[in-house]
């Protein structure tokens with residue numbers, strides 16, 4: 556037997572014990588120094604182990620922390636990635652009903668895209684035909700449909716049409732449909748939620764960037780007036796109808812207003828029954844600005860204590876936050892993941908929309924996918940990261956962050972620094988949390 560190359564050894568504070576976290580299998584086990592040294596001695600000392608020690612090895616083998624000598628983990632990893640890339644059980648479709656927006660956010664990721672087009676009726680019809688063709692080609696078990704923008708509720712007609720048409724197309728084929736909506740929340744109504752629920756609405760995500768003052772400064776209307784109260788009122792109206800996700804973005808100044816937002820949500824009667832999850836992330840630069848203007852291009856650029864502090868603030872108020880450790884693999888490397896914009900252009904990720912050089916297909920053309928799609932699907936960035944124990948949970952990083960950092964989607968956006976500082980703390984805090 557031999558130790559896995561994806562083991563991370565984490566000393567437990569104030570104890571002579573260690574957590575072994577395997578980034579490939581997501582296994583975590585607490586061991587004492589004797590077991591740690593036993594693993595480190597593999598494979599040379601295996602024959603000298605007692606029966607008790609061999610029984611420990613058997614348990615570690617089941618967890619993937621030790622392996623049989625003939626196992627090539629690089630091949631195992633390659634197989635795992637290829638299955639992820641070409642998994643046809645789920646078809647992911649994101650539709651932008653419009654590039655237009657009714658807010659003037661200070662950090663808009665679509666900054667530099669001078670397009671305000673909305674999806675016309677003819678494009679809407681071609682879009683549903685294109686999606687249905689994918690249904691018959693891919694034959695997934697589930698379709699995950701996400702509406703995005705711009706602000707998708709500014710152009711609700713295609714949102715309703717596509718939801719209804721795709722629902723009946725999936726019913727006829729015995730395919731499950733899960734609909735989700737990302738909105739700024741100012742146009743959200745009970746009627747919209749009720750309409751979408753009949754076709755498979757599973758959740759709504761709304762962005763709130765802190766308390767009233769902070770949010771209104773970061774995400775105002777076009778005329779500069781605040782949006783905070785409208786959003787809170789609208790969320791109160793739909794409370795309990797569908798699971799809500801609160802997303803938020805922060806920088807070094809705005810992060811301190813987040814606890815007040817959490818208190819406000821509790822005052823309005825929201826609990827973890829209505830709000831499924833709350834998660835905040837740093838404001839990262841759009842690659843249109845590049846990392847010369849803004850150095851925050853990856854999670855590793857942010858103070859790691861921010862993540863830990865915010866996680867604690869959320870949980871101590873009884874709300875749930877994301878327990879996921881993995882930052883990857885990037886959805887842009889999935890064969891059956893498509894983002895369709897209001898003009899019928901197809902991309903691999905919403906972070907690239909509106910930028911012609913990243914179009915991978917056009918629903919109005921019969922031609923096959925472009926060479927850009929080939930680049931996404933063959934990048935296999937983990938090959939460049941050999942030797943790093945974080946490969947299974949970073950996978951070379953986000954493609955948008957890579958473009959911002961290097962001007963090239965084919966380079967890695969390494970997050971090892973973030974994982975070293977933040978993830979290890981999270982595992983120490985709760986070794987069994989997955």
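In my numbering, the protein residues as written are 556 to 989.
Think of the CB as a built atom: it goes at the ideal place given N, C-alpha and C, for glycine as much as any other residue.
- With fewer than 16 neighbouring CB atoms inside 10 Å of its own CB, residue 753 falls in the exposed class.
- In this structure, the straight-line span from the alpha carbon of residue 931 to that of residue 954 is close to 9 Å.
- Remark: C-beta atoms of residue 646 and residue 693 approach each other more closely than 8 Å.
- The shortest CA-to-CA distance from residue 698 to any of 726, 830 and 803 is the one to 726.
- By a beta-carbon distance limit of 8 Å, residue 906 contacts residue 664. Their separation comes to about 6 Å.
- Contiguous beta strand (DSSP E) elements confined to the stretch 782-832 occur at 799-805, taking only those with 3 or more residues.
- Under the DSSP assignment, residue 762 falls in the beta strand (DSSP E) whose first and last residues are 756-762.
- Sequence-distant Cβ neighbours of residue 668 in its own chain, meaning closer than 6 Å and more than five residues away, are 909.
- Shown here for residue 798: same chain residues with a beta carbon closer than 6 Å to its own, the five before and five after excluded, namely 758 and 831 in chain order.
- Each of 900, 976, 710 and 631 was checked against the Cα of residue 655, and the nearest Cα belongs to 710.
- DSSP lists 894 as the bridge partner or partners of residue 902.
- In this structure, residue 971 sits near residue 949, with a CB-CB distance shorter than 8 Å.
- Here the C-alpha atom of residue 886 lies approximately 14 Å from the C-alpha atom of residue 644.
- According to DSSP, residue 735 shares a beta bridge with 701 and 758.
- The secondary-structure analysis by DSSP pairs residue 557 across a beta bridge with 622.
- Fully contained in the stretch 575-604 are the following alpha helix (DSSP H) runs of length 4 or more, in chain order: 588-596.
- Put simply, of 617, 826 and 813 the residue whose alpha carbon is nearest the alpha carbon of residue 836 is 813.
- Assignment of residue 653 by DSSP, reduced to helix, strand and coil, places it in the strand class.
- Excluding the 5 residues flanking it on each side, residue 616 has no same chain C-beta neighbour closer than 6 Å.
- Rounded to whole angstroms, residue 913 and residue 964 show a C-alpha spacing of 10 Å.
- Counting every other CB atom within 10 Å of its CB across the protein chains shown gives residue 739 a total of 16 or more, marking it as buried.
- Judged by their CB atoms, residue 952 and residue 969 are nearer to each other than the 8 Å cut-off.
- Our two residues, residue 587 and residue 607, have alpha carbons roughly 14 Å apart in a direct line.
- If you draw a straight line from the Cα of residue 602 to the Cα of residue 882, it is about 39 Å long.
- Out of 720, 940, 786 and 747, the CA that lies nearest to the CA of residue 765 is found in 786.
- Collapsing the DSSP output to three states places residue 741 in coil.
- Within the model, the alpha-carbon separation for residue 680 versus residue 917 is close to 14 Å.
- Taking a 10 Å sphere around the C-beta of residue 566, we find fewer than 16 other C-beta atoms and assign the residue as exposed.
- If you ignore the 5 residues before and after residue 826, its C-beta comes within less than 7 Å of the C-beta of 873, all in its own chain and listed in chain order.
- Between residue 761 and residue 800, the alpha-carbon positions lie close to 6 Å from each other.
- For residue 893 and residue 649, the gap between their C-alpha atoms comes out near 6 Å.
- Straight-line measurement puts the Cα of residue 723 at about 47 Å from the Cα of residue 858.
- Following the DSSP letters along the chain, one finds residue 564 inside the beta strand (DSSP E) bounded by residues 562-566.
- Straight-line measurement puts the Cα of residue 657 at about 21 Å from the Cα of residue 791.
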